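Reading the sequence shown from the start, the letters are residues 2 to 200 in the working numbering.
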Amino acid sequence: MQQKQYLLPDLPYGYNELAPYISEEQLKLHHDKHHLAYVNGANLALDKLAKARAENDDVDMKATLKELSFQVSGHILHSLFWKSLAPKTKGGGGEPSGELAEKINAEFGSLDRFKKEFSQAALSAEGSGWAALAYCQKNDQLLLMQIEKHNVNLLPQFKVLLALDVWEHAYYLDYKNERAKFIEAFWQIVDWNGANNNL
Ligand code: MN
Numbered sequence: 002m003q004q005k006q007y008l009l010p011d012l013p014y015g016y017n018e019l020a021p022y023i024s025e026e027q028l029k030l031h032h033d034k035h036h037l038a039y040v041n042g043a044n045l046a047l048d049k050l051a052k053a054r055a056e057n058d059d060v061d062m063k064a065t066l067k068e069l070s071f072q073v074s075g076h077i078l079h080s081l082f083w084k085s086l087a088p089k090t091k092g093g094g095g096e097p098s099g100e101l102a103e104k105i106n107a108e109f110g111s112l113d114r115f116k117k118e119f120s121q122a123a124l125s126a127e128g129s130g131w132a133a134l135a136y137c138q139k140n141d142q143l144l145l146m147q148i149e150k151h152n153v154n155l156l157p158q159f160k161v162l163l164a165l166d167v168w169e170h171a172y173y174l175d176y177k178n179e180r181a182k183f184i185e186a187f188w189q190i191v192d193w194n195g196a197n198n199n200l
């Protein structure tokens, strides 16, 4: 049986198009090295399982599935992160519109309050993690997630509308250890249209 592979997606914009909020060098490193490492890691874990299956060998299921969950989640979240951003000249930043704006206002009270809560989720993620805005279909409501690593505190089946990577590798070339500045920059290039379409 042909082993299926995860693939690194192209960015939906040029490497230099998010500057000065995310520099070309930072974006290139993040996409070409870090994201690729999760794609490769996910494929390695799949290969390991496939090989053991083919040879009817034992495999350390606990360790391998933990690895698979971490790497695949890393790949999926990075793919969502790239789509959460847009160059200023292509609609990045500003304010949301449509159904997303209505839902944010209805549930958070205002856009400012939403941005404050999302920023605090991003800022207070311990070590490596993510802040995400998700939609719960069961209750037709928006919820924030603070994801540790790539895969802890993820709510299953909730649709991620916006994801912000706050691992240090996302910002250290541009902002050193100042995560708050990176979060501020994120609001300048956030793709509200994409988030609204995800909804
Ligand atoms: Mn990352």
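Where a beta carbon is used, it is the ideal one built from N, C-alpha and C, also for glycine.
Please read all numbers here as calculations on a predicted model, not as lab measurements.
**Message:** For a quick check, are the C-beta atoms of Q147 and A126 less than 7 Å apart?
**Reply:** yes
**Prompt:** Comparing the CB of W83 with every heavy atom of ligand 1, is any distance shorter than 6 Å?
**Reply:** no
**Request:** On the DSSP bridge assignment, give the partners of K160 in chain order.
**Result:** Y136
**Asked** At a cut-off of 6 Å, is A126 close to ligand 1 when judged by its beta-carbon and the heavy atoms of the ligand?
**Response** no
**Message:** Given a cut-off of 7 Å on the beta-carbon distance, is the pair L9 and L37 in contact?
**Reply:** yes
**Q72 burial status per 10 Å Cβ neighbour count (16 or more: buried)** = buried
**Request:** Select from K34, E103, Y39 and N57 the residue whose C-alpha is nearest the C-alpha of H76.
**Result:** Y39
**Euclidean distance between Cα positions of G95 and K63** = 45 Å
**Message:** Beta-carbon distances below 6 Å to any heavy atom of ligand 1 define the shell here; list its residues in chain order, please.
**Reply:** H31, H35, H79, D166, W168, H170 and A171
**Asked** How long is the line joining the alpha carbons of L143 and K104, rounded to whole angstroms?
**Response** 7 Å
**Collapsed DSSP secondary structure at D166 in the structure displayed** = strand
**Prompt:** In terms of DSSP beta bridges, what is W131 paired with?
**Reply:** I148 and D166
**Prompt:** Hey, would you say V167 sits closer than 7 Å to A123, going by beta carbons?
**Reply:** yes
**Message:** Measuring straight from C-alpha to C-alpha, what distance separates N178 and W131?
**Reply:** 16 Å
**Runs of alpha helix (DSSP H) lying entirely within the stretch 55-90, each at least 4 residues, in chain order** = 62-84
**Prompt:** Got a sec, what are the start and stop residues for the alpha helix (DSSP H) A181 sits in?
**Reply:** R180 to I190
**Prompt:** Buried or exposed: E108, going by 16 or more other Cβ atoms within 10 Å of its Cβ?
**Reply:** exposed
**Message:** I believe Y7 touches A43 by the beta-carbon criterion, under 8 Å. Please report the beta-carbon distance rounded to the nearest angstrom.
**Reply:** 5 Å
**Prompt:** Does DSSP put Q6 in a helix, in a strand, or in coil?
**Reply:** coil
**Asked** Between H32 and D192, what straight-line distance do the alpha-carbon atoms span, to the nearest angstrom?
**Response** 18 Å
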